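Throughout the sequence shown, residue numbering follows numbering that gives the first Met the number 0, covering 0 to 170 in sequence.
We put the CB at the ideal spot given by N, CA and C, even for glycine.
Just so we're clear, the structure is a prediction, and the values are computed from it rather than from any experiment.
The structure appears right after this line, and notes come after that.
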Amino acid sequence: MSKNYLAYSLLVFATLCWSGNFIVGKFAYLFEVPPLTLNFLRWVSVWIILIPFTYKEIFNNFNYIKKNWMVISFMGVITISTFNSVVYFALNYTQVINAVLVLAAIPAITIIISSLMKVDKTNIFQVIGLLLSIIGISAIISNADLNRILSLSFNKGDIWMLVCVLSWSIY
Numbered sequence: 000m001s002k003n004y005l006a007y008s009l010l011v012f013a014t015l016c017w018s019g020n021f022i023v024g025k026f027a028y029l030f031e032v033p034p035l036t037l038n039f040l041r042w043v044s045v046w047i048i049l050i051p052f053t054y055k056e057i058f059n060n061f062n063y064i065k066k067n068w069m070v071i072s073f074m075g076v077i078t079i080s081t082f083n084s085v086v087y088f089a090l091n092y093t094q095v096i097n098a099v100l101v102l103a104a105i106p107a108i109t110i111i112i113s114s115l116m117k118v119d120k121t122n123i124f125q126v127i128g129l130l131l132s133i134i135g136i137s138a139i140i141s142n143a144d145l146n147r148i149l150s151l152s153f154n155k156g157d158i159w160m161l162v163c164v165l166s167w168s169i170y
């Protein structure tokens with residue numbers, strides 16, 4: 000098996016796991032699994048799977064981890080804790096497709112936040128990409144009908160998904 004084939008296979012697998020996460024989140028709601036419980040079980044499972052592959056790196060970088068524990072903890076709180084728990088909570092009130100479409104705003108919001116925080120200087124290609132993504136998302140949501148965009152209404156789950164977008168973009 001070639002290295003490229005393995006790499007592409009793993010990328011596809013990771014994408015399937017990530018997208019399947021939303022479907023699992025919706026099913027968990029149907030079976031009344033609380034969002035925090037689902038998030039905890041998900042990340043404990045991931046930890047059990049990954050620890051055999053990562054424990055050496057963790058021990059080799061222990062001093063770096065110890066020195067930067069606050070930053071690492073903050074990143075964990077806004078991604079693993081906040082983002083995923085809020086996704087599962089939002090799926091109690093919205094459809095999977097709505098949640099994923101709202102998440103499509105992450106690149107745009109990330110560019111805006113990094114530009115406002117002066118983390119990164121925005122270039123013309125990012126602005127063009129931002130505009131194209133907004134146009135694309137709008138076309139998908141509205142079926143290219145301007146009246147549908149003007150009459151959009153948001154439910155509680157869609158608003159919670161915006162919290163997810165913000166937490167991931169800040170990360």
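| query | result |
| --- | --- |
| Buried or exposed by the 16-neighbour rule on C-beta atoms within 10 Å, applied to Tyr87 | buried |
| Nearest to Leu29 (by Cα), restricted to the options Glu56, Thr53 and Val95 | Val95 |
| Backbone CA spacing between Val101 and Lys65 [nearest angstrom] | 36 Å |
| Thr93 beta carbon less than 8 Å from that of Ile202 | Because the chain here runs from 0 to 170, residue 202 falls outside it and cannot be looked at. |
| Where Pro34 falls, given that 16 or more other Cβ within 10 Å makes a residue buried | buried |
| Integer Cβ distance of Tyr4 from Thr78, believed to fall under 8 Å | Wrong, their Cβ atoms sit about 30 Å apart, outside the cutoff. |
| Where the alpha helix (DSSP H) containing Glu207 begins and where it ends | No answer is possible for residue 207: it lies beyond the span of the chain, which begins at 0 and ends at 170. |
| Beta-carbon contacts of Val84 that lie in its chain and below 7 Å, excluding the five residues immediately before and after | In the sequence as displayed, the identity of residue 84 is Ser instead of Val. Within the same chain, Ser84 has close Cβ partners Pro34, Leu35 and Asn38. |
| Sequence-distant residues of its chain with Cβ nearer than 7 Å to Val6 (five each side left out) | It is Ala, not Val, that sits at residue 6 in the sequence shown. Excluding residues within five positions, none has a Cβ falling inside 7 Å. |
| Residue closest to Ser18, alpha-carbon to alpha-carbon, out of Ala103, Ile148 and Leu145 | Ala103 |
| Sequence ranges, alpha helix (DSSP H) only - wholly within the region 90 to 123, length at least 4 | 95 to 102 and 105 to 115 |
| Reduced DSSP secondary structure (H/G/I, E/B, other) of Ala143 | coil |
| Backbone CA spacing between Ser150 and Cys163 [nearest angstrom] | 24 Å |
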